[in-house]
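Numbering (the working numbering), first residue to last: 11 to 433.
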């Protein structure tokens with residue numbers, strides 16, 4: 011779920027580097043051969059290995075069939091394997107020379123893949139198309155050191171507000187204060203995970219604070235200071251404590267949202283598209299979703315932001331057929347393919363035109379996350395030191411800071427801990 015990345019280096023479209031066959035990996039494979047009546051220049055078949063999530067296997071066969079048909083002058087043998095996007099980095103980096111030519115991965119893995127030299131940069135012409143057609147934040151997340159390394163495919167990873175409109179009127183869903191008041195009146199609660207930097211960061215990003223990933227494995231935070239908007243980090247922490255102390259607030263454990271939704275105790279929850287079915291079943295005709303509410307800091311309303319994440323297609327720099335691999339990645343991430351992916355699995359496209367389509371806008375959860383990421387989604391650039399320490403920090407706030415610890419000191423300690431180099 012941490013799910014968190016544009017001039018660029020020109021590369022030869024058909025550059026060839028050594029590729030150590032189709033070696034084994036932890037990804038399960040099934041083969042789908044595409045033989046066309048056309049002939050490649052040498053009469054040889056182009057072998058490509060594609061890794062995609064288990065849920066996308068049927069879709070990948072359909073799309074690769076279309077790709078082969080559109081390039082009917084060449085014979086293809088495309089092998090489709092199963093690989094969780096959340097595990098892509100670990101599997102690919104076990105042996106990049108034996109990994110798939112094209113693979114799907116979550117955006118927060120891009121730095122490790124680039125550092126390992128596993129990703130082929132996107133060529134200039136494709137970069138221009140991607141920048142023109144896909145939402146800017148997805149392009150930013152696919153860019154490292156001014157080089158575009160991946161092909162945006164979805165823009166639906168992140169969190170927003172689900173609410174029961176039979177309990178919380180649409181206008182009240184815009185502020186934490188009114189949401190809490192409505193829930194308390196109805197004997198319900200609003201849930202959110204505080205014990206995670208993924209969620210806690212939403213309060214700080216919204217107030218103008220930042221995170222920065224460093225090459226030495228540390229993370230730089232400015233949360234213990236004052237943001238450009240004039241808000242003190244300690245005041246943001248106090249605002250979170252005030253929310254947590256409210257009887258209508260439920261501090262949800264990371265990974266336990268579905269259980270709490272099913273309990274019937276909630277009339278609202280901050281979560282992502284992964285909980286859409288559970289929320290819809292529980293809220294029934296009251297099912298609604300929208301961008302994150304504002305929260306109160308020193309009497310003023312401050313927007314909540316979110317940690318935005320994306321799904322990308324990557325091309326293995328070690329591919330024997332890197333030119334064709336880039337063409338396939340571009341095809342799988344184009345407007346039509348993104349819409350096909352939405353239709354098959356209700357994923358939110360990164361393509362700007364697709365995002366505005368009536369079909370996508372009708373999907374309550376997808377339209378909410380796309381609106382949130384477009385309005386206040388922040389590409390989260392952090393390292394492991396951030397995750398470990400913000401979890402502890404968030405856990406204290408989730409309890410309403412019962413020990414009355416000095417919030418400024420808590421933030422000073424957090425910033426210092428995150429700044430430590432990773433061993």
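Here a beta-carbon is modelled for each residue, glycine too, at the ideal position from N, C-alpha and C.
For the options 193, 127, 91, 145, the alpha carbon positioned closest to that of residue 344 is the one of 145.
Check the Cα spacing between residue 210 and each of 261, 187, 173: the tightest is with 261. The Cβ-Cβ distance between residue 77 and residue 322 does not fall below 8 Å. In the structure shown, the three-state DSSP call for residue 171 is strand. Residue 401 sits close to residue 205, with the two beta carbons spaced by under 8 Å. Secondary structure of residue 140 (DSSP, three-state): helix.
Contact check for residue 199 and residue 193: beta-carbon distance about 6 Å, within the 8 Å limit, so the pair qualifies. Shown here, residue 359 sits in a strand according to DSSP, grouped into three states. Close CB contacts of residue 421 within its chain, under the 7 Å cut and outside five residues either way in sequence, are with 233, 234, 243, 244, 247 (chain order). By the C-beta density criterion, residue 308 is exposed, having fewer than 16 other C-beta atoms within 10 angstroms. By the criterion of a C-beta distance shorter than 7 Å, residue 360 is surrounded in its chain by 144, 145, 148, 162, 163, 164, 165, 320, 348, once the five residues flanking it on both sides are discounted. The criterion of a C-beta distance shorter than 8 Å is satisfied by residue 183 and residue 173. Between the C-alpha atoms of residue 212 and residue 314 there is a straight-line separation of about 6 Å. By the beta-carbon neighbour count (other beta carbons within 10 angstroms, threshold 16), residue 216 is buried. Rounded to the nearest whole angstrom, the CA to CA distance from residue 306 to residue 398 is 27 Å.
Listed as beta-bridge partners of residue 236 by DSSP are 242. Under the 10 Å beta carbon count, residue 155 is surrounded by fewer than 16 other beta carbons and is classified as exposed. In the three-state reduction of the DSSP assignment, residue 275 falls in the coil class, being assigned neither a helical nor a strand state.
Cβ-Cβ distances below 6 Å link residue 188 to 182 in the same chain, with the five nearest sequence neighbours on each side left out; the list follows chain order.
Fewer than three pairs of CB atoms, one per stretch, sit closer than 8 Å, so the stretch 387-394 makes no contact with the stretch 360-375. Going by C-alpha positions, residue 403 is about 32 Å away from residue 297. The straight-line gap separating the alpha-carbon atoms of residue 95 and residue 336 is approximately 19 Å. Burial of residue 109 is indicated by the presence of at least 16 other C-beta atoms within 10 angstroms of its C-beta.
When DSSP states are grouped into helix, strand and coil, residue 319 belongs to the strand group.
For residue 300, DSSP records a beta bridge to 171. At the C-beta level, residue 378 and residue 301 come within 8 Å of one another. Contact holds between the stretch 57-71 and the stretch 79-95, because three or more Cβ pairs, one in each stretch, are under 8 Å apart. Counting only runs of at least 4 residues, the stretch 366-393 fully encloses the following alpha helix (DSSP H) elements, listed from N- to C-terminal order: 368-372, 374-386. Residue 128 and residue 239 have their C-alpha atoms spaced approximately 39 Å apart. Here the alpha carbon of residue 327 sits roughly 12 Å from the alpha carbon of residue 160. Rounded to the nearest whole angstrom, the CA to CA distance from residue 268 to residue 294 is 15 Å.
With respect to residue 131, residue 158 sits close: the two C-beta atoms are nearer than 8 Å. When the Cα atoms are used, residue 56 and residue 123 turn out to be separated by approximately 25 Å. For residue 420, there is no enclosing beta strand (DSSP E); the residue is part of the alpha helix (DSSP H) that begins and ends at 417-428.
Judged by beta-carbon spacing, residue 59 lies within the 8 Å limit of residue 111, meaning their Cβ atoms are closer than that value. Between residue 241 and residue 218, the beta carbon gap of about 7 Å places them in contact (Cβ cut-off 8 Å).
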